[in-house]
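Step one of this worksheet: look at the structure below.
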Amino acid sequence: MAHQQRRIVHRRLLSLAAGAVVSATLVSGTAYAAGTGAVRAPEPSAPAAGPADPGPADPGTTDPGVTDPTAADPTAPDPAPPDPAPADPDTSPSAPASAASGRPPFGAYLDYGPRGVERMAELSEWLGGADLKVGHTYLPGDSWAGIEGQVDFLANWASWRNAQRDRMFVLNVPMSDRNEQGIRDSQVRADLRRGAAGAFDRHFRELGERLVDLRLQDTVLVLGWEMNGTTYGHRCAPDPQSWKQYWNRVVTTMRSVPGQKFRFDFTPSRGKDAIAWTECYPGDDTVDIIGMDSYDQPRGITFDEQVSEPYGLQHHVDFAKAHGKDISFPEWGLFRNGDNAEYMRRMIGWIDRQRPVYHTITDYCPHGVWQCDDNPRSAAVYRELLSGTASPTEPTEPTEPTEPSECTPLDLGPWIGQWLTEEVCVPGVPEPPPYPGEEPEWPDWADPGEWTDWSEWTDWSDWSEWADRSGSGPYAPGALSGAPAGPSRGA
Numbered sequence: 001m002a003h004q005q006r007r008i009v010h011r012r013l014l015s016l017a018a019g020a021v022v023s024a025t026l027v028s029g030t031a032y033a034a035g036t037g038a039v040r041a042p043e044p045s046a047p048a049a050g051p052a053d054p055g056p057a058d059p060g061t062t063d064p065g066v067t068d069p070t071a072a073d074p075t076a077p078d079p080a081p082p083d084p085a086p087a088d089p090d091t092s093p094s095a096p097a098s099a100a101s102g103r104p105p106f107g108a109y110l111d112y113g114p115r116g117v118e119r120m121a122e123l124s125e126w127l128g129g130a131d132l133k134v135g136h137t138y139l140p141g142d143s144w145a146g147i148e149g150q151v152d153f154l155a156n157w158a159s160w161r162n163a164q165r166d167r168m169f170v171l172n173v174p175m176s177d178r179n180e181q182g183i184r185d186s187q188v189r190a191d192l193r194r195g196a197a198g199a200f201d202r203h204f205r206e207l208g209e210r211l212v213d214l215r216l217q218d219t220v221l222v223l224g225w226e227m228n229g230t231t232y233g234h235r236c237a238p239d240p241q242s243w244k245q246y247w248n249r250v251v252t253t254m255r256s257v258p259g260q261k262f263r264f265d266f267t268p269s270r271g272k273d274a275i276a277w278t279e280c281y282p283g284d285d286t287v288d289i290i291g292m293d294s295y296d297q298p299r300g301i302t303f304d305e306q307v308s309e310p311y312g313l314q315h316h317v318d319f320a321k322a323h324g325k326d327i328s329f330p331e332w333g334l335f336r337n338g339d340n341a342e343y344m345r346r347m348i349g350w351i352d353r354q355r356p357v358y359h360t361i362t363d364y365c366p367h368g369v370w371q372c373d374d375n376p377r378s379a380a381v382y383r384e385l386l387s388g389t390a391s392p393t394e395p396t397e398p399t400e401p402t403e404p405s406e407c408t409p410l411d412l413g414p415w416i417g418q419w420l421t422e423e424v425c426v427p428g429v430p431e432p433p434p435y436p437g438e439e440p441e442w443p444d445w446a447d448p449g450e451w452t453d454w455s456e457w458t459d460w461s462d463w464s465e466w467a468d469r470s471g472s473g474p475y476a477p478g479a480l481s482g483a484p485a486g487p488s489r490g491a
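First residue of the sequence shown? That's 1 in our numbering, and the numbers climb one at a time after it.
See below:
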């Protein structure tokens, strides 16, 4: 499909010292009965912010792309497709599912470069925190340097891919350096034959080495996509035999790169187009995944017809199963039938049943849903079916109170002790700990450095003079030798 861009739419707790009067200690709750403690409930987290407006894309002279597929006529005469092995229409080779939703891993084509990387997070927000596992971009097909991966944006995608172990990076790789220049069949034929003879091996070896160096060694490579059409310089129809030999040569060359774990995705467009895509299939030894690009076209076609047409969605599933291959949908989306919510619902349902390795919607007008304001009904369906939330944080369960780690038993003597049912102790200082990033603020009288000797505070063996209200006893306020200055210990 043609590459297009469009703007889219403390509380602080402080323990008082146990040397304060007993009544203040018991009322304030800063001393603990043995075996008890205080627990702070966690504060609720703030809600996530809404998605940001991605803004317009920057045009580039080396913008890689995919061009709009030629509308296929489902009624046109075509050779009968080969009879595949019987298959359940709702089954296909299994693939890992997205951990958050149980759906197949998915993403979107949002832009080829850094903007596309940034928009992955924004699309996830629009989808309510859905976990987008698949990043997808294209190498430019206007020079061999581009096909070799001599583009800055691969480093951006490498950073995204390697940020999470279970992410997948999908890269479309042209097989011609004049891929969208409209070259004639005779020139395509000559280029395919040169490729089959090894003339371009060094370019693909260079690409493989660059991907490994960027830690993109497990990239899914959609090589020579939509080869059954008429748009690209790497099309198959002018010489199917040479095309298959060229594909096999590229795969063999890239698999020879040390450290590689590439997977090669053979992806025609849905339908017969210029040639039956089965005639271009290069063989099981050099194909890991059989994909299909499937847009809602031609005008007036129903989804059921897209499934049942020759070389359509059902044939894709059956063919892959017969060859023991996983399937994928590297490109799909709206097209000739406009804002078609029924197509959107049926296509997502089909994808869910077939369990592809991955799928990525082409998200720009006229195909997309997030970056294209022209398709609100389809966008609502996509959002409804694929929205998810990030893994929820489990609520904190209330915990049993615990005794402070440093607790000094307080001997209150028999006169006070007879009224208490539990032993009273004094927590260590400070208690409880401050919030992260905060330092405790101690008043002068509560400086813990001055509270190292409790002997004068804990020798309360004789309470008779304390009870003497004449104010002349040794424990009268202000009479206790060595006590730090502080608030009144009123009886």
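Ideal placement from N, C-alpha and C gives every residue a C-beta, glycine not left out.
Just so it is clear, the structure is predicted and the values come from calculations on it, not from any experiment.
Contact check, residue i vs residue j, beta carbons under 8 Å
| i | j | result |
| --- | --- | --- |
| residue 341 | residue 383 | no |
| residue 268 | residue 226 | yes |
| residue 167 | residue 133 | yes |
| residue 192 | residue 238 | yes |
| residue 366 | residue 319 | no |
| residue 368 | residue 360 | no |
| residue 228 | residue 277 | yes |
| residue 113 | residue 169 | no |
| residue 139 | residue 172 | yes |
| residue 291 | residue 328 | yes |
| residue 250 | residue 266 | no |
| residue 386 | residue 158 | no |
| residue 356 | residue 104 | yes |
| residue 144 | residue 111 | no |
| residue 271 | residue 309 | yes |
| residue 254 | residue 300 | no |
| residue 375 | residue 339 | yes |
| residue 280 | residue 244 | yes |
Residue i versus residue j: straight-line alpha-carbon distance, rounded
| i | j | result |
| --- | --- | --- |
| residue 317 | residue 185 | 30 Å |
| residue 223 | residue 203 | 14 Å |
| residue 196 | residue 358 | 30 Å |
| residue 180 | residue 289 | 25 Å |
| residue 188 | residue 102 | 43 Å |
| residue 107 | residue 350 | 16 Å |
| residue 273 | residue 232 | 13 Å |
| residue 380 | residue 346 | 14 Å |
| residue 127 | residue 109 | 15 Å |
| residue 215 | residue 156 | 12 Å |
| residue 331 | residue 137 | 11 Å |
| residue 142 | residue 120 | 26 Å |
| residue 248 | residue 364 | 33 Å |
| residue 235 | residue 182 | 11 Å |
| residue 240 | residue 200 | 18 Å |
| residue 315 | residue 217 | 31 Å |
| residue 373 | residue 304 | 27 Å |
| residue 230 | residue 298 | 16 Å |
| residue 59 | residue 371 | Confidence in residue 59 is poor, its pLDDT being 33 and thus under 50, which makes the residue's placement too unreliable to answer from. |
| residue 257 | residue 302 | 45 Å |
| residue 333 | residue 135 | 16 Å |
| residue 190 | residue 122 | 44 Å |
| residue 354 | residue 275 | 25 Å |
| residue 198 | residue 221 | 19 Å |
| residue 160 | residue 151 | 16 Å |
| residue 72 | residue 284 | For residue 72, the pLDDT reaches just 38, beneath the cut-off of 50, and the residue's location in the model is therefore unreliable, although a value from the coordinates is still provided. In a straight line, the C-alpha of residue 72 is about 27 Å away from that of residue 284. |
| residue 348 | residue 213 | 36 Å |
| residue 264 | residue 311 | 20 Å |
8 Å Cβ cutoff, residue i in contact with chain C
| i | result |
| --- | --- |
| residue 290 | The structure shown contains no chain C; it is built from a single protein chain. |
Supposed contact pair residue j and residue i - C-beta distance, whole angstroms, cut 8 Å
| i | j | result |
| --- | --- | --- |
| residue 343 | residue 296 | 4 Å |
Residues near residue i in its chain [Cβ-Cβ closer than 7 Å; skip 5 each side]
| i | result |
| --- | --- |
| residue 219 | 169, 171, 211, 262 |
| residue 116 | 110, 137 |
Residues of its chain near residue i, where Cβ-Cβ distance is below 8 Å and the 5 sequence neighbours each way are ignored
| i | result |
| --- | --- |
| residue 124 | 130, 131, 132 |
Residues of its chain near residue i, where Cβ-Cβ distance is below 6 Å and the 5 sequence neighbours each way are ignored
| i | result |
| --- | --- |
| residue 242 | 192, 193, 196 |
| residue 206 | 148 |
| residue 307 | 313, 314 |
| residue 294 | 270, 332 |
| residue 252 | none |
Entirely enclosed alpha helix (DSSP H) segments - the region 217-283, minimum 4 residues = Restricting attention to alpha helix (DSSP H) runs no shorter than 4 residues, the region 217-283 encloses them at 240-255, ordered along the chain.
Mind pulling the beta strand (DSSP E) runs of 3 or more residues that sit fully within the region 308-339?
-> Listed in chain order, the complete beta strand (DSSP E) runs (minimum 3 residues) inside the region 308-339 are 326-333.
Within the region 154-219, ranges of the beta strand (DSSP E) (whole runs, at least 3 residues) | Correct list: 168-173.
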